[in-house]
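Going letter by letter, the sequence shown gives residues 1267 to 1503 in the working numbering.
Data block below; observations after.
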Amino acid sequence: MLRRISLLAVTTLGLSACELPSFGAPDPASEQGREVFDLYRGFAAAATGVGVFVIVLLAYVVIRYRRRTDDIPSQKPYNVPVEIIYTAIPLVIVCVLFVLSVRTEDRVSAETDSPDLVVDVVGFQWQWQFGYLAEGIVVTGSPETGIPELVLPEGRTTRLELRTTDVNHSFWVPQFLVKRDLIPGIDNAIDVTPTEVGTFDGVCAEYCGLDHGRMRFSVRVLPADEFDRWIDEETTP
Ligand SMILES: [Cu+2]
């Protein structure tokens, strides 16, 4: 029976490692998002594998040792080898997940020395402003102009410099799977390399007052040549 349980556990873990589902995460639309997506799937697969293994063991114990006679089963208090195993295995799992997390965090937070584009992202109560300072383009959201649009080139790395003029906000595009706070007095930045052309929703992810829920923006990713044309159009008087 134990051999069958181990076989089932190994099969479950093996299967989950081969064809990992998304476990509810959005499809990543950037290189950095892909890193987070893969890490998340690894975590979810490990948790599922451990969960299934525990449930199988519980079911085995409940069925195998159900009360069939009035005899009290063996009450052996210690089993040192088993205790070592069930302490060591979770430790190994936690260490592996920890190392994978640090490596992913390093890659996602890495800032290239030479970004292809720099956009100054300013959050304020309760709108966003996107400034392409080198190109002389500024997009500001307002109740009149509607949700502001951040236009980015596909396949190029854009540095987003994140500032706030009042309270804490947080820049979050769910399909980039990366979120970074805008904190008064702190210069935060993230690099994003979009891999999908399309339009994606963005929101403020840090409660910042009355109209926080309306502090939205959209991101339009264009193929690089179309992006260059967009810059030309925007800068042509
Ligand atoms: Cu907010």
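The C-beta atom is built at its ideal place from N, Cα and C for all residues, glycine as well.
Start-to-end residues for the beta strand (DSSP E) that takes in residue i
i	result
A1455	1454–1458
P1419	1415–1419
Distance cut-off 6 Å: residue i Cβ against heavy atoms of ligand 1
i	result
E1472	yes
Local Cβ density within 10 Å of residue i, reported as buried at 16 or more and exposed below that
i	result
C1470	buried
S1340	exposed
P1294	buried
S1367	exposed
P1419	buried
E1371	exposed
Y1344	exposed
V1327	exposed
R1425	buried
V1348	exposed
E1472	buried
E1410	exposed
Y1398	buried
E1285	exposed
T1502	exposed
Residues that residue i bridges to, as DSSP identifies them
i	result
I1403	Y1398
D1467	S1484
W1438	K1445, V1469
G1412	S1408
Other residues of its chain near residue i: CB distance less than 7 Å, five sequence neighbours each side excluded
i	result
A1233	Nothing about residue 1233 can be reported from this structure: the residues present for the chain run from 1267 to 1503 only.
R1582	Because residue 1582 is not part of the residues shown, which for the chain are 1267 to 1503, the question remains open.
Y1331	P1339
Bounding residues of the alpha helix (DSSP H) (the contiguous stretch that carries residue i)
i	result
F1390	Where F1390 is concerned, there is no enclosing alpha helix (DSSP H), although the beta strand (DSSP E) it sits in stretches over 1383–1390.
L1426	Segment 1424–1430 is the beta strand (DSSP E) holding L1426; no alpha helix (DSSP H) there.
D1447	No alpha helix (DSSP H) contains D1447, which is instead part of the beta strand (DSSP E) from 1444–1448.
Q1298	1297–1330
C1474	Segment: none, C1474 is in no alpha helix (DSSP H) and carries neither H nor E.
Y1344	Where Y1344 is concerned, there is no enclosing alpha helix (DSSP H), given that its DSSP letter is neither H nor E.
A1490	1490–1501
Residues near residue i in its chain [Cβ-Cβ closer than 6 Å; skip 5 each side]
i	result
V1433	C1474
R1216	The displayed coordinates of the chain run from 1267 to 1503. Any statement about residue 1216 would go beyond what the structure contains.
G1462	The residue asked about is misnamed: residue 1462 is Glu in this sequence, not Gly. If we look at E1462 and ignore the five residues flanking it on each side, its Cβ neighbours are A1295.
W1438	K1445, V1469, A1471
G1451	none
Residues near residue i by beta carbon distance below 8 Å, same chain, minus five either side
i	result
T1378	T1423, R1425, D1457
A1490	P1419, E1420, G1421, R1422
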